[in-house]
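Numbering (this note's numbering), first residue to last: 50 to 230. Here a beta-carbon is modelled for each residue, glycine too, at the ideal position from N, C-alpha and C. Below is one structure, written out as structure tokens, with a few remarks after it.
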Amino acid sequence: MKRRALLSLVLAMALLVLTAVPAGAANPTVTITVSAQVISITNSQPTWTIGVVTAGGDPVYFSADGEADPDYSRITNTGNVPVNIAFQGTNFVAGNTTFNWNLGASADDQIVKIAANTEAAPTVYSVLLKVDNFNNLTTNLIKAATYDWSMEFTPPTAVHEEDDGLNKTATVTLAASKYTP
């Protein structure tokens with residue numbers, strides 16, 4: 050009797066195991082694919098050669114062809130996420146003088162103004178280039194999208210004789226950051 054009870058118990062356990070795992074069941078799999086976030090932009094015009102400017106002169110527009118009308122530089126989002134674009138500048142310096150031109154909100158003695166326009170207001174140059182921090186140019190530039198922009202340079206109202214004939218150079222840095230709604 051003990052044997053029969055033990056055999057019945059073993060058979061019941063085996064039946065329980067067999068019903069828990071379906072006959073012929075495959076092991077299902079899940080494939081997971083991920084991509085690393087890439088924040089990357091390009092700009093179509095890497096240089097701007099203004100040439101000779103006159104103290105107190107008219108603004109000069111970012112122009113690759115030398116014409117008075119601005120040419121637009123094109124920023125392209127080459128990454129895989131939407132981005133915000135901001136820019137920052139440096140003061141204008143020449144190698145052998147202490148009379149450098151600083152960036153400011155308006156032109157003045159030894160102070161130049163650089164402003165950019167936006168696609169939303171293509172004839173209004175209101176986004177100032179700053180030295181101390183980045184200023185927003187556009188937001189939510191989606192993957193593979195482009196953004197046309199231009200700059201306006203306003204010469205200083207006065208220069209010093211030490212400036213005569215010296216080339217001064219500044220750099221504009223465009224920075225992309227991930228757009229977060």
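{"Check": "Pair within 9 Å by beta-carbon distance, residue 223 and residue 81", "Outcome": "no"}
{"Check": "Chain-order list of residues whose beta-carbon lies under 8 Å from that of residue 103 (same chain, five-residue window excluded)", "Outcome": "204"}
{"Check": "CA-to-CA distance, residue 136 to residue 171, given in whole angstroms", "Outcome": "17 Å"}
{"Check": "Contact check, residue 188 vs residue 133, beta carbons under 9 Å", "Outcome": "yes"}
{"Check": "Close Cβ partners of residue 109 (< 7 Å) along its chain, the five nearest in sequence each way excluded", "Outcome": "99, 102, 202"}
{"Check": "Start-to-end residues for the beta strand (DSSP E) that takes in residue 81", "Outcome": "That residue, residue 81, is in no beta strand (DSSP E); it is neither H nor E in DSSP."}
{"Check": "Three-state class that DSSP yields for residue 168 in the structure shown", "Outcome": "coil"}
{"Check": "Endpoints, the beta strand (DSSP E) within which residue 138 is located", "Outcome": "132-138"}
{"Check": "Same chain, Cβ closer than 7 Å to residue 139, five either side skipped, listed in chain order", "Outcome": "180, 219, 220"}
{"Check": "Simplified DSSP assignment, three categories, for residue 157", "Outcome": "strand"}
{"Check": "Inter-residue Cα distance where the pair is residue 194 and residue 87", "Outcome": "15 Å"}
{"Check": "Burial state of residue 245, where buried means 16 or more other Cβ atoms lie within 10 Å", "Outcome": "Residue 245 lies beyond the stretch modelled for the chain, which goes from 50 to 230, so this question has no answer here."}
{"Check": "Continuous beta strand (DSSP E) stretch holding residue 124: start and end", "Outcome": "122-126"}
{"Check": "CB of residue 129 within 9 Å of CB of residue 199, strictly", "Outcome": "no"}
{"Check": "For residue 225, three-class secondary structure by DSSP", "Outcome": "strand"}
{"Check": "CA-to-CA distance, residue 229 to residue 215, given in whole angstroms", "Outcome": "44 Å"}
{"Check": "6 Å Cβ shell around residue 226 - same chain, five flanking residues per side excluded", "Outcome": "133"}
{"Check": "Spatially closest choice to residue 192 from 89, 77, 160, 78, by CA coordinates", "Outcome": "89"}
{"Check": "Rounded Cβ spacing between residue 206 and residue 157 (contact assumed at less than 8 Å)", "Outcome": "5 Å"}
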